[in-house]
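So for the sequence shown, the numbering used here puts the first residue at 5; every next one is plus one.
In this text, a Cβ means the ideal position worked out from N, Cα and C, and glycines have one as well.
Inspection log for the structure reproduced underneath, given as C-alpha cells.
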Amino acid sequence: LDCALAVIFVHCHLFSRKQREAQSAPGWKLFGKVPLRESPPKDSKTIQQEYEARASKSDQSLSLPAQGRRKNLEFEPLSTTALILEDRPANLPAKSEEEAQRHRQEYDEMVAEAKKRELKEAQKKKKQMKERFKQEESIVNAMVVWNNEILPNWESMRGTRRVRDLWWQGLPPNVRGKVWSLAIGNELNITSDLYEIFLSRAKERWKSFRETGSEMESDGTADRESSLDLIKLDISRTFPPLFIFQKGGPYHDLLHSVLGAYTCYRPDVGYVQGMSFIAAVLILNLEEADAFIAFANLLNKPCQMAFFRVDHELMLKYFAAFEVFFEENLPRLFNHFKSYNLTPDLYLIDWIFTLYTKSLPLDVACRVWDVFCRDGEEFLFRTGLGILRLYEDVLLQMDFIHIAQFLTRLPEDTPSERLFSCIANTQMISSNRKWTQVSSCLSCYSDQPVEFVCEGNAGKYTSWDCIKQALRNEMKKKLNLIPL
C-alpha cells in the first residue's frame, strides 16, 4: 500500500502539475473537464532561450564522478529512476521513524538488486557482442584464405592438415556452396541442360495432374514419379520460421522445381520425406542448376541411397554399427536406452533423412554439413553420438516417452561450439577398428528386402512412419544377432 501511495503521490505532484500548467486548450481530467486557461503567447526566440537555459542547467547538474561511472558502464541504469521513494501524502498519517527507516532499507535493497541485475545483463550483452565480433573477424580472415589460397589449389590442398583444421571450424558463408559442390562432386555427370529436361517433364506431369486429378503412368518403372503432388505438402513444412519456402515465398517455386526434377530423374527413388530440407539448404547456398546437381549426387552416396531407397538390410547394418560405437563411447546412456528397449531407428531415421537440418538450428546444421562433406557418412553418425553426449545427463533422467520426444525435437538453442566439442571427444574406433571396418564386417540375416511405401491419392510415396513401423520389429529381432 505504501509503495502504491508513493507512486500516486509522485505522479500527482511531479507530472500532473506540469500538464495542467502547460495546457492551453480544453482537456479532460478524472471527473471533469479542465477549464480553459489563458497563456501569454511566446515568440520563437524566447522559447529557444528558455530551452537552452534549461539544457545548460541540466548539464551542470551532472557530477563528474557520475559521468565517469556512466562512461565505464556504457549504459544508464534504469533502476535509479524507475523506483522513487517518497513520504506518504499529507492527508495520510505520517510514517513512524522505524517504519521510514525500514522502507528506506527495502528501497535501497530493491534498487541495488535492480542495478545488479541490469549490470549483469549489460555485461552479458557486451560479452556476446565481443564473441560475435571475434567470430565475424575470424570468418573474414578464413574467407580470404579460402578464396586466395585453397580454392585456386583445391586438389593439392584439400587434404592438408591446415585445410582440414580450417574446415572443422566451419566454412565462411560466401564460399560454403562452392566448397560443398567441389566436395560432393559430380560423378553422375549431370549438366544444366539435363536439369532443364527433367524440369520440363516434371512441369508436364504437374499440369496433367491438375487437369485430370491423377497421373497416367506410361510404364511400370515410374511408379514413384506419381508422388509429384505430394511435394507441395512437404514444401509448406520446410523451415516454416523462415517463411521463404512456403507458397508466395521467394524460394517456393525454386524448391518445387528441384524436387520435381529429381523425382523425374530418379523415379526408382521417387520423393521421400526429408528431401525438401536437404534441397532447401542447397538452394540457400547454390544456384538452381548447381543445387540440383549437388542434390542428385549427394543422394547418390551409399548411405543416403540406402536410406532414401529404404534398403532394409543396409539400414539395419548402419544402425548396428551405430550401436557398436554408442556402447563404446557412452556406456551408461547405452544401457539406459537398452533398459527401455529404445532402438536407434527411433531418432536416427529423422536425423539421417534430413541430414540434421530439421533437428538442429540451421547455422549448426550447416556446420555439420561442412564436415560431412569433408569426412563422409561417418561424420553423420559421429554427430549423432555427439548430440547424445551433449545431452547425456538430461537423457539419463528421462523415460522412454520423454527421450523419444526430446530426440525428435532437440532444443532450438543447441550450442554449436559445445556440440562440436562433444563430437570431437567421440572416438569412432572400436576394438582397433574404424567405422568403415565395423560397418563392412556387419551382416544382417534378413528376409527379402522390404519396400516401405504408403499408398496415397497421388500414388506411392515413402514416409518416416511407414519406415519406422516396418523396421522397428525387425530391429528387435535381428540387431542382437549381428556378429562383430
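Residues E382 of the same chain have their beta carbon placed closer than 8 Å to that of T440, with the five preceding and five following residues left out of the count.
In the three-state reduction of the DSSP assignment, I194 falls in the coil class, being assigned neither a helical nor a strand state. K321 sits buried, since 16 or more C-beta atoms from the chains shown fall within 10 Å of its C-beta. Here R180 is buried: its Cβ has 16 or more other Cβ atoms, across all protein chains shown, within 10 Å. The residue among A369, A146, A98 and L399 with its C-alpha nearest the C-alpha of E421 is A369.
If you draw a straight line from the Cα of E113 to the Cα of D397, it comes to about 37 Å. For R162, there is no enclosing alpha helix (DSSP H), as DSSP gives it neither H nor E. For K182, the enclosing alpha helix (DSSP H) covers residues P177 to I188. DSSP, read as helix, strand or coil, puts V273 in coil. When the Cα atoms are used, E331 and N339 turn out to be separated by approximately 8 Å. For R437, the three-state secondary structure derived from DSSP is strand. Take the alpha-carbon of L290 and the one of M432: they are about 32 Å apart. Collapsing the DSSP output to three states places D374 in a helix.
Fewer than three beta-carbon pairs drawn from the segment 306-324 and the segment 362-376 are found closer than 8 Å, and the two stretches are therefore not classed as touching. In the structure shown, G390 adopts helical secondary structure according to DSSP, grouped into three states.
The three-state secondary structure of G278, taken from DSSP, is coil.
Excluding the 5 residues flanking it on each side, L414 has same chain C-beta neighbours closer than 6 Å at S363, in chain order. CA-to-CA, the gap between Q409 and G390 works out to about 18 Å.
With the rule of 3 Cβ pairs closer than 8 Å, the segment 238-258 does not count as touching the segment 129-145. The alpha-carbon separation between A98 and E125 amounts to approximately 38 Å. S261 and P177 have their C-alpha atoms spaced approximately 24 Å apart. When I239, S204, E327 and L392 are compared, the shortest CA-CA separation from I287 is found for I239. Our two residues, L350 and L258, have alpha carbons roughly 32 Å apart in a direct line. Distance from the Cα of D272 is smallest, within the candidate group S425, L303 and I194, for L303. Annotation: the continuous alpha helix (DSSP H) that includes Q139 extends over E101 to V149.
Judged by their CB atoms, G278 and F357 are nearer to each other than the 8 Å cut-off. For E327, the closest of V314, C268, R106 and S434 by C-alpha to C-alpha distance is S434. In this structure L394 is in contact with C426, their Cβ atoms being roughly 5 Å apart against a cut-off of 8 Å. A94 counts as exposed, since fewer than 16 other beta carbons sit within 10 angstroms of its beta carbon.
Taking a C-beta distance under 8 Å as the contact criterion, Y255 and T267 do not qualify as a contact pair.
Inside the segment 294-379, DSSP marks whole alpha helix (DSSP H) runs of 4 or more residues at positions 306-312, 316-333, 335-343, 349-358 and 366-379, from first to last along the chain. A Cβ-Cβ contact shorter than 8 Å links I188 with A298.
Closest by C-alpha distance to Q401, out of S443, G380 and Y344, is Y344.
Within the same chain, L392, E396, L399 and L400 come within 7 Å of L337 by CB-CB distance, once the 5 residues on both sides are set aside. In chain order, S261 and A265 place their CB closer than 6 Å to the CB of L203, counting only its own chain and leaving out the 5 sequence neighbours on each side.
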